[in-house]
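Enquirer:
Residue numbers (this note's numbering): 4 to 340.
(1) Tell me which residue opens and which closes the alpha helix (DSSP H) that residue 38 is part of.
(2) What separation, rounded to the nearest whole angstrom, lies between the Cα atoms of residue 28 and residue 234?
(3) Pull up the DSSP beta-bridge partners for residue 305, would you.
(4) May I ask you to report which of helix, strand or coil DSSP gives residue 11?
(5) Count the other CB atoms, across all protein chains shown, that sit within 10 Å of the CB of residue 99; report buried if there are 16 or more and exposed otherwise.
(6) Taking the beta strand (DSSP E) that residue 56 belongs to, which residues open and close that run?
(7) Please go through the same chain and pick out, in chain order, the residues whose beta-carbon is closer than 6 Å to the beta-carbon of residue 246, but skip the five residues on each side of it.
(8) If you run the structure through DSSP and keep just helix, strand and coil, what is residue 126?
(9) In this structure, what does DSSP give as the bridge partners for residue 92?
(10) Do residue 227 and residue 57 count as a contact pair if the criterion is CB distance below 9 Å?
(11) Per DSSP, which residues does residue 177 bridge with? Please list them.
(12) Given a threshold of 16 other Cβ atoms within 10 Å of its Cβ, counted over all protein chains shown, does residue 254 qualify as buried or as exposed?
(13) Quick one: what's residue 215 bridged to in DSSP?
(14) Are at least three pairs of beta-carbons, each pair with one atom in the stretch 4-16 and one in the stretch 209-218, less than 8 Å apart?
(15) Using a C-beta cutoff of 9 Å, does residue 245 count as contacting chain B?
(16) Count the other CB atoms within 10 Å of the CB of residue 277; is the residue buried (16 or more) or exposed (fewer)?
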């Protein structure tokens, strides 16, 4: 048996999703004529209480477009030091927007208004102009840690008071909502931009949607074109996103349950030194032996995973991981004792 716990990006479309894709109403999206893309953009925007949306090939593109929209060259943005926009988007902040980054040390990637406020630069020709705060929900490097709306509200208030834009990298936003019980519709009250990834927990093959007001999305559409993101008959992919939003959100709680089962078993293992608290579908745990050695041992038994540090391993559950996969993984994990 193969159990692929490397990432929730490895999922394949379900038969029902494939059927929806094959029956999509399509057109040329660059001409604004793809009905499925328009439906997805409106659906996502309405869900989060935002005015408009823009369908893009990836979450990296939606994040980078948002940063470009909300900053000017020589500005500075504030993010946690684990942030995906900083660590895993190829230096795009500097390359695409000519913006510097002020990195903070949040708890498992979670920032507070009290952390952010002293890092906002005064107006001084020696300093870059602070113009944007970027939050990530859930936090990948934090092991799927979540912001609640109660944590977001004071940050949004600070940004409004100081004239900063606030963007959300919502790579796994529906995992966060499933865990916290907050409502997607309320997010539009606090963020200027939201990136909603469809190709992780929701299981689509490709795509993210950038949400913002109409003026920002008009500007974003031009930036998407410059970045090569005009996908023409993208409705086949958008149809997968529509299907996912309709059918794959509620089931995320199953992924969270599977992650908790794995974490519970790992906490009993004598080769594991620490398991980080599990909130959603990501399990981070530390090993006494080098992580790569353990990864290789697991791979010999069909358990695919990856190391994130010298002694840290990551498991990610998703819609292609079922209970019998978890039970098999538990058996292999225990055999390493």
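Glycine included, each C-beta is placed from N, C-alpha and C at the ideal position. On a predicted model such as this, the values are computed, not experimentally measured, just so you know.
Expert: In this structure, then:
(1) The residue labelled residue 38 in the question sits at position 35 within the chain shown. In the DSSP assignment, residue 38 falls within the unbroken alpha helix (DSSP H) covering 38-50.
(2) Counting from 1 along the chain shown, the entry for residue 28 is found at position 25. Counting from 1 along the chain shown, the entry for residue 234 is found at position 231. Our two residues, residue 28 and residue 234, have alpha carbons roughly 15 Å apart in a direct line.
(3) The count along the chain shown starts at 1 and reaches residue 305 at position 302. Answer is none; residue 305 lacks a bridge partner.
(4) Position 8 of the chain shown, counting from 1, holds the residue named residue 11. In this structure, DSSP gives residue 11 a state outside helix and strand, which the three-state scheme calls coil.
(5) Position 96 of the chain shown holds residue 99. It counts as buried.
(6) Locating residue 56 in the chain shown gives position 53, counting from the first residue. Where residue 56 is concerned, the enclosing beta strand (DSSP E) stretches over 55-59.
(7) Within the chain shown, the letter at position 243 stands for residue 246. Non-local beta-carbon contacts of residue 246 in its own chain, meaning distances under 6 Å to residues more than five positions away in sequence, involve 20 and 23 in chain order.
(8) On the chain shown, position 123 is the one that residue 126 refers to. Coil at residue 126, not helix or strand.
(9) Numbered from 1 along the chain shown, position 89 holds the residue referred to as residue 92. Under DSSP, residue 92 takes part in no beta bridge, so it has no partner.
(10) As a position in the chain shown, residue 57 is number 54, starting the count at 1. As a position in the chain shown, residue 227 is number 224, starting the count at 1. Contact: yes.
(11) Your numbering for residue 177 matches position 174 in the chain shown. In the DSSP output, where bridge partners are listed per residue, residue 177 has none listed.
(12) Stepping through the chain shown from its first residue, residue 254 is reached at position 251. When all chains shown are included, residue 254 counts as exposed.
(13) Here the question's residue 215 lines up with position 212 in the chain shown. BP columns for residue 215 point to 55.
(14) The answer is no - the stretch 209-218 does not touch the stretch 4-16, with fewer than three Cβ pairs under 8 Å.
(15) The structure shown has no chain B; it contains just one protein chain.
(16) Here residue 277 corresponds to residue number 274 of the chain shown, with the count starting at 1. Label assigned to residue 277: exposed.
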